[in-house]
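Chains as they are written, first to last, in our numbering: chain U, 30 to 179; chain V, 30 to 179.
Here is the structure we will look at, set down as structure tokens.
Number of protein chains: 2
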Amino acid sequence: MRISARTQYALGAMLALAVADSPVHAEKIAVTQDIPRRFCDNILLQLRRAGLIRSQRGPDGGYWLARPPGEIALADVIRVTEGAEQALRPFSPAAAPLAEIWDRLRSQEDALLSEITLADVIASRDRHQDRDRSSGNGQDVPSDAGRGMS
Amino acid sequence: MRISARTQYALGAMLALAVADSPVHAEKIAVTQDIPRRFCDNILLQLRRAGLIRSQRGPDGGYWLARPPGEIALADVIRVTEGAEQALRPFSPAAAPLAEIWDRLRSQEDALLSEITLADVIASRDRHQDRDRSSGNGQDVPSDAGRGMS
DNA sequence: TATCATTCCTACTATTCAAGTAGGAATAAT
DNA sequence: ATTATTCCTACTTGAATAGTAGGAATGATA
Ligand code: FES
Ligand code: FES
């Protein structure tokens with residue numbers, strides 16, 4: 030799969046919401062995540078339509094996650110922003126067996142991205158901030174990390 | 030990684046060479062693999078420069094594999110045609126931990142594609158042609174398949 | 001009720017990248 | 001010489017991504 034700027038931005042925005050404990054303005058997200066202001070609006074809208082986030086208009090409005098960070102997988106976000114990848118063009122019969130391989134690649138990738146949640150990413154980041162407390166330190170990102178929003 | 034038409038074509042061409050037992054014209058490859066004629070030239074040239082195939086000019090010329098099909102992994106071909114994927118743009122600090130994940134994705138993918146050789150693909154194709162001879166049939170593509178060129 | 005800050009929506013422009021083409025030079029067989 | 005092929009650079013085109021524009025709808029506050 031392609032990792033577009035849009036996807037990168039969307040994940041950044043989702044992470045920003047995951048660590049906040051109250052609604053966040055698009056403006057703030059745009060600034061802290063370094064996303065072009067108008068583009069940020071655009072992406073947040075898409076995420077809301079997909080049901081990943083909720084929103085409130087007017088002053089004192091903003092965005093927040095629809096579910097706790099531990100229940101949102103990276104794949105959930107990516108599927109939205111990358112949309113349905115257009116089927117790759119027909120194969121010459123001779124190259125047909127390659128299709129099976131592309132399928133394997135995709136499932137492999139999907140498996141990984143479906144297992145990692147926003148909470149995992151945040152936990153991993155926090156672990157990297159206080160560098161190596163123990164010697165044989167954090168390898169795996171545990172899937173049971175953050176549940177609440179703070 | 031992206032599976033471009035170019036990559037698809039290149040793999041088709043390599044497979045065509047893998048099953049041939051003497052030099053093959055670009056023309057023939059283009060026809061049998063359904064590759065636009067001129068584009069085919071273009072791709073073959075790139076493959077030759079990368080050292081994956083050899084060539085001979087003039088009438089009675091053509092292309093052939095530089096190594097036996099069992100020693101050419103799909104990754105070898107793909108790395109050539111996809112080129113050095115341009116580094117994805119800088120992350121906002123907040124989204125930095127994602128970089129690690131992209132890396133994991135890439136290695137996972139590279140591992141799979143490095144294990145499968147042209148010979149494996151051909152063997153798999155042949156196995157699919159005579160449909161299910163035994164009941165619990167071929168799951169894995171053995172890596173020790175064809176060695177010679179026929 | 002007026003005002004203001006925000007989200008929401010459609011549609012547009014610009015930039016980049018992949019796909020494919022063009023024209024011919026170099027080489028080798030006959 | 002002629003002809004069939006590979007070889008090489010550069011160009012054109014099409015599609016997709018990235019980002020922008022303009023304003024309508026909503027909701028808080030006074
Ligand atoms: S990155 Fe998605 S299949 Fe390779
Ligand atoms: S297809 Fe290569 S990393 Fe996703």
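We treat Cβ as the ideally placed atom computed from N, Cα and C, and that holds for glycine.
Check	Outcome
Same chain, Cβ closer than 8 Å to Val53 (chain V), five either side skipped, listed in chain order	Ala45, Leu46, Gly91, Tyr92 and Trp93
Ile130 (chain U) vs Leu142 (chain V) beta-carbon contact at 9 Å	yes
Interface partners of Trp131 (chain V) on chain U, CB under 8 Å	Ile32
Which of helix, strand or coil DSSP assigns to Gly91 (chain U)	strand
Where Pro126 (chain U) falls, given that 16 or more other Cβ within 10 Å makes a residue buried	buried
Leu76 (chain V) beta carbon less than 9 Å from that of Ala42 (chain V)	yes
Within-9 Å CB hit, Arg35 (chain U) to chain V	no
Proximal residues of chain U, C-beta to C-beta of Ser51 (chain V) below 7 Å	None at all; the shortest Cβ gap to chain U is about 17 Å.
Local conformation of Ser33 (chain V) per DSSP, three classes	coil
Ile82 (chain V) - containing beta strand (DSSP E), residue span	Ile82 to Gln85
Interface residues of the segment 62-81 of chain U facing chain V [CB-CB below 7 Å]	Gln62 and Asp63
Beta-carbon spacing of Ala148 (chain V), Gly99 (chain V) below 9 Å	yes
Residue-chain proximity (Leu142 (chain V), chain U), Cβ-Cβ < 9 Å	yes
Chain U residues whose Cβ lies nearer than 8 Å to that of Gly137 (chain V)	Here residue 137 (chain V) turns out to be Gln, not Gly, going by the sequence shown. Going along chain U in sequence order, the residues near Gln137 (chain V) (Cβ under 8 Å) are Gln137, Glu138 and Leu141.
CB contact below 9 Å: Arg108 (chain U) versus chain V	no
Interface flag, Leu40 (chain U) vs chain V, CB-CB below 9 Å	yes
DSSP beta-bridge partners of Val53 (chain U)	U:Tyr92
Closest residue to Ala102 (chain U) among U:Asp70, U:Glu138, U:Pro88 and U:Asp132 (Cα-Cα distance)	U:Glu138
Beta-carbon proximity check, Ser121 (chain V) vs Gln62 (chain U), cutoff 9 Å	yes
Per-residue burial, Asp105 (chain U) [other beta carbons within 10 Å of its own, 16 or more giving buried]	buried
Check whether Ala49 (chain U) and Asp70 (chain U) have beta carbons under 9 Å apart	no
Enclosing alpha helix (DSSP H) for Ser143 (chain U) [first to last residue]	Pro126 to Glu144
Closer than 9 Å to chain U by CB, Leu46 (chain V)	no
Residues sharing a beta bridge with Ala102 (chain V), DSSP	V:Thr146
C-beta contact flag for Arg96 (chain V) and Leu81 (chain V) at 9 Å	yes
When V:Ala123, V:Ile72, V:Arg133 and V:Ser153 are compared against Ala39 (chain U), the one with the closest alpha-carbon	V:Ala123
Under 9 Å between C-beta atoms of Thr110 (chain U) and Arg156 (chain U)	no
Within 9 Å, strictly: CB atoms of Met30 (chain U) and Arg154 (chain U)	no
Three-state secondary structure assigned by DSSP to Gly41 (chain U)	helix
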